[in-house]
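Encoded as structure tokens, the structure appears first; notes follow it.
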Amino acid sequence: MIPLMQSHASVRRVSSLVAAFAALVISCSLLGVPRAEAQSSIPVPDVPQSSLPEVSELAPGSAVPWRPPIPPSLTPRQSQEMSVQTAEGERSFILRVPDSYNEANPAPVLFAFGGSGDTAEKFLIYSQLHRTAGREALVIYPRSINGAWEPAPYSTLRPNADVDFVRAILDEVRKSYNIDSSRIYAAGMSNGGGMAATLACRAPELFAGVASVSGAYYHDVDEGCAGGATPSLIIHGTWDHLVHYDGGVLHGAPYFSVPELHGRQLKRNGCTGGSTQHPGIGTTRFIGEGCAAETELLRVIGGGHNWYYIPDAASEVWNFLSRQQRQL
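According to UniProt numbering, the sequence shown is numbered sequentially starting from 1.
Structure below.
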């Protein structure tokens, strides 16, 4: 009888542990904590590319959206639906105006591009840029055509159509708002991160800085660039299952590895060296030195294909961009 009682007690203890673990998982789910984000703060060894899953046949991905308990409250002044005429017809965007806006003071502008398939509204919510950049900048959320930004291979637009769209948006917004032309920025996630990097390549005379999170860097993102240095920030996880940190092929087209694109940006921005910092557990920061324009890579060890909350991408992006200013 004694062994049987001990066996029953052991079963009860195991059951209690299982129940506690299940409750913890459910609690994290209810709090909106993405599993990949929890992993991103834990240091793990680098993994050979061959051990990562094959994703060449997967649909274009974007971040797993994190939804705050209460969506951001947008007054008519803060959030406006606007449109412009382009060679592709009428295209629209959301303009979010900060409460601090004063027409007597030029305001910075941030273009925010969501991932493939993301709506402007969806990216507005999960990027959380309204709580960082949105305190002082006009934040513009353009709408893509067929859920894609150039130069992704699945984009159906002519070359430079999205770049021209961005220029048209600026011309339209200038009609109603006092814009600081020395502080125009771009940031994006996944396919939208590739779009931000494309603007640094093709419109360096316009942008004071760009930032990309889990970006997809197809080769046209950084080939045939116009002359000029543009401050650039990359945030990318080493375990990105969709856009591999070490590069690869997706949708039949090759894309740069993260270190390769960072190296190209270092060269274009005239950097002569670099340093490495470890700002927190699970992250490594590579900083260009002697550069004509600030150039930085924040590597998230073990991070997946996400817009990060650990580290806080919205804060990292705006902390980097807000200190950049272009000479007019």
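We put the beta carbon where it would ideally sit given N, CA and C, even for glycine. It should be emphasised that the depicted structure is a prediction, and the values quoted were computed from it without experimental measurement.
Practice task
Answer yes if the region 98-111 comes into contact with the region 133-142, meaning at least three C-beta pairs across the two stretches below 8 Å, and no otherwise.
Solution key: yes
Handout entry: According to DSSP, residues forming a beta bridge with SER92
Key = SER83.
Exercise for the section: Assign PRO76 to one of three DSSP states: helix, strand, or coil. Expected result: Bear in mind that the predicted position of PRO76 carries a pLDDT of just 44, short of 50, making it too unreliable to give a figure here.
Handout entry: Straight-line Cα distance separating VAL258 from TYR245
Key = Going from the Cα of TYR245 to the Cα of VAL258 covers about 5 Å.
Practice task
For the region 180-213, list the beta strand (DSSP E) runs that are entirely contained and at least 3 residues long, ordered along the chain.
Solution key: 209-213
Practice task
State the beta-bridge partners of ARG158 as determined by DSSP.
Solution key: For ARG158, which the question treats as bridged, DSSP gives no partner whatsoever.
Practice task
Can you check DSSP and say which residues form a bridge with ALA107?
Solution key: ILE179
Practice task
Compare the Cα-Cα distances from GLY303 to each of THR119, ILE235, LYS122, TYR141 and report the closest residue.
Solution key: ILE235
Exercise for the section: Have a look at the DSSP bridge pairing and note the partners of PHE113. Expected result: GLY188
Practice task
Count the CB pairs spanning the region 285-303 and the region 222-237 that are closer than 8 Å, and state whether there are at least three.
Solution key: yes
Problem - Contact under 8 Å by Cβ, TYR309 with VAL213 - result: no
Problem - Short Cβ contact (8 Å threshold) for VAL210 with ALA229 - result: no
Handout entry: Three-state secondary structure (DSSP) of HIS236
Key = strand
Exercise for the section: Please classify SER261: does DSSP put it in a helix, a strand, or coil? Expected result: Contrary to the premise, residue 261 reads as Leu rather than Ser in this sequence. Of the three classes helix, strand and coil, the one that applies to LEU261 here is helix, per DSSP.
Exercise for the section: State the Cα-Cα distance for the pair ALA292 and LEU261, rounded to the nearest angstrom. Expected result: 17 Å
Exercise for the section: Count the other CB atoms, across all protein chains shown, that sit within 10 Å of the CB of SER182; report buried if there are 16 or more and exposed otherwise. Expected result: exposed
Handout entry: Beta-carbon separation (whole angstroms), VAL84 vs ARG91, contact threshold 8 Å
Key = 6 Å
Practice task
Note down the Cα distance separating ASP312 from PHE111, rounded to an integer number of angstroms.
Solution key: 18 Å
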